[in-house]
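Residue numbers (this note's numbering): 1 to 283.
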Ligand SMILES: [Mn+2]
């Protein structure tokens, strides 16, 4: 088996030459998953992210081309890049997408952050479509599912942003997010929750998708408790654009959906009071 140093070098090479990711051996993939797992376990549920430039990326869902172009452009030792979850399934290159992100994570552990989406919660909830998961052999299924359930649930910035996949949990303050158990109701809300235009608190589970639905009254109340001004999320392709007094932004980055594809950038110490304080970049 190769040494840790040799492996690191290999993962760095992959960052510089993204197509190489398709040629990782099973042994290298196992190394990558285990090494990323060690880093991610130390992060907890809640990340505090500070940098001159913070880039937020929506669902990438197997869109390796989008991921590699964003990483080559924005991942530097100065910037921080936060991906909002859903790395696998739906798109054509799930395995390349997740492996490339993991190579980036082990190379730049303090600059790249991978939040958990519902497609990373496979060890707890079964769902469809799950083409990535269904295509794995038993060993890889077990390695990926144990790693991805460890991913953090939310990121906050001093500029006033909270970022997560679906809907913020009903907590009294951001620190309580660290006490959420993966698999509980609040976890389900973060990873599976949708927002609907108009007022209301909890609006029930959607009849078709089973996803929990929330309204503007809930949003405004919970953002007050979290002491954050703007939510950046993904997960819900029909919620594109700013909602709720311009304070809730849903990003989509994968070509797996026929919607406008964007990322969002928060600059320096500029306070983010509404979505218009962010720079939105179209892919
Ligand atoms: Mn999702």
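Glycine included, each C-beta is placed from N, C-alpha and C at the ideal position. This one's a predicted model, so the numbers in the text were calculated from it and none came from an experiment.
- As for any beta strand (DSSP E) of minimum length 3 sitting wholly inside the segment 125 to 212, the runs are 154 to 156, 161 to 163, 202 to 205, ordered along the chain.
- Taking 8 Å as the cut-off, the beta carbon of residue 118 is found no closer than this to the beta carbon of residue 201.
- Between residue 147 and residue 33, the beta carbon gap of about 5 Å places them in contact (Cβ cut-off 8 Å).
- Restricting attention to 244, 233, 238, the CA atom closest to the CA of residue 264 is found in 233.
- The Cβ atoms of residue 163 and residue 11 lie no closer than 8 Å to each other.
- A direct Cα-to-Cα measurement between residue 160 and residue 25 gives close to 42 Å.
- A straight-line Cα-Cα distance of about 22 Å links residue 107 and residue 61.
- Considering only 256, 79, 271, 184, the residue with the shortest C-alpha distance to residue 129 is 256.
- DSSP places residue 67 in the uninterrupted alpha helix (DSSP H) bounded by 64 to 74.
- Taking a contact as a CB-CB distance under 8 Å, the pair residue 158 and residue 43 does not count as one, their CB atoms being some 18 Å apart.
- For residue 168, the number of other beta carbons within 10 angstroms of its own is at least 16, and it is reported as buried.
- Going by DSSP, residue 242 is part of the beta strand (DSSP E) stretching over 241 to 243.
- One residue list follows from the rule of a beta carbon closer than 5 Å to any heavy atom of ligand 1, given in chain order as 86, 117, 118, 235.
- Here the segment 271 to 279 lies against the segment 221 to 230, with 3 or more beta-carbon pairs under 8 Å apart.
- Distances from the alpha-carbon of residue 262 to those of 268, 278, 247 put 278 closest.
- For the pair residue 100 and residue 67, the CB atoms are nearer than the 8 Å cut-off.
- Residue 79 has its alpha-carbon roughly 10 Å from the corresponding atom of residue 267.
- Residue 208 counts as exposed, since fewer than 16 other beta carbons sit within 10 angstroms of its beta carbon.
- Here residue 90 is not bridged, per DSSP, to any residue.
- Using a Cβ distance threshold of 8 Å, residue 114 and residue 140 do not count as a contacting pair.
- The secondary-structure analysis by DSSP pairs residue 39 with nothing; it has no beta-bridge partner.
- Looking at the DSSP output, residue 279 shares a beta bridge with 265.
- Between the beta-carbon of residue 213 and that of residue 204 there is about 6 Å, and that keeps the pair under the 8 Å contact cut.
- Within 10 angstroms of the beta-carbon of residue 221 lie fewer than 16 other beta-carbons, which makes it exposed.
- When the alpha-carbon of residue 63 is set against those of 39, 88, 238, 74, the nearest one is in 88.
- In terms of Cβ geometry, residue 217 and residue 206 do not form a close pair [threshold 8 Å].
- In the structure shown, the three-state DSSP call for residue 115 is coil.
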